[in-house]
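Just below is one structure, and these are the notes that go with it.
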Amino acid sequence: MTLDLENFEEVRIKGEEFYKSIGEVHCPYFKEKISFGSQGLEHLKFKRRDKARLEQDQYMRLKLLHMAPEILKSSHTLQGLLETKKFERIRVHSRTDTVLKLVSYYEFIAVLKRNRVRIIIKQVEGGQKFFWSIVPFWGMNTETMGRILHEGAPEED
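To convert, count from 1 in the sequence shown and add 50; that's this note's numbering.
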């Protein structure tokens, strides 16, 4: 897949503007609001703090981002749950510490407009739930031209 940089820049800007306009969305499954904060937007652009996603990966996620609030608003069933202990950056008073915390990843899978996507909601022990990621449920292997599923690691997907 060749990516036109002008088109990528346009999709990135529109995606970021849309993301910042969402704020919160009520999810019937949790019976509470899910926030769309800076952590989720950063995760759409970076795999980890020091590793940016490939532009093709960012492009697909930002292009499908408009589906996330729509899917969460109508989700009554959870498709996956992963609970693990992870070192998380926690802000305490005026400094940031890295603390081992229980982290839960909730997965919702939906097909909208012929796109099958996975929405991941993250909750760090003692905190509120927030949007973490939107994952196109399949990608293309450039060597075999076959479909490949997500990597299976919600903290990076």
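A virtual CB, placed ideally from N, CA and C, is assigned to each residue, including glycine.
Predicted model only: the values in this text are computed from it and were never measured.
For PRO119, the enclosing alpha helix (DSSP H) has its first and last residue at 117-123. Under the three-state reduction of DSSP, GLU175 is assigned to coil, being neither helix nor strand. At a Cβ-Cβ threshold of 8 Å, ILE171 and PHE181 count as neighbours. Judged by their CB atoms, ARG168 and ILE159 are nearer to each other than the 8 Å cut-off.
Annotation for ASP107: the continuous alpha helix (DSSP H) segment containing it runs 105-114. DSSP places SER154 in the uninterrupted beta strand (DSSP E) bounded by 145-162. For the options GLY130, ARG111 and LEU94, the alpha carbon positioned closest to that of ASN165 is the one of ARG111. Buried is the label assigned to GLU157, since at least 16 other Cβ atoms lie within 10 Å of its Cβ. MET117 is not a Cβ neighbour of ILE72, given a cutoff of 8 Å. Where GLY90 is concerned, there is no enclosing beta strand (DSSP E), although the alpha helix (DSSP H) around it starts and stops at 88-95. Leaving aside the five residues that flank GLN129 on each side, the residues in its chain whose CB is nearer than 7 Å to its CB run, in chain order, GLU157, PHE158 and ILE159. Exclusion of the five residues before and after GLY65 leaves LEU112 and LEU115 as the residues of its chain whose Cβ lies within less than 6 Å of its Cβ. Annotated three-state conformation of LYS81 is coil, per DSSP. In the structure shown, PHE181 adopts extended strand secondary structure according to DSSP, grouped into three states. Shown here, PHE137 sits in a strand according to DSSP, grouped into three states.
Residue pairing for HIS76: DSSP places it in a beta bridge opposite LYS83.
For the 8 Å CB-CB criterion, ILE84 and LYS151 do not form a contact.
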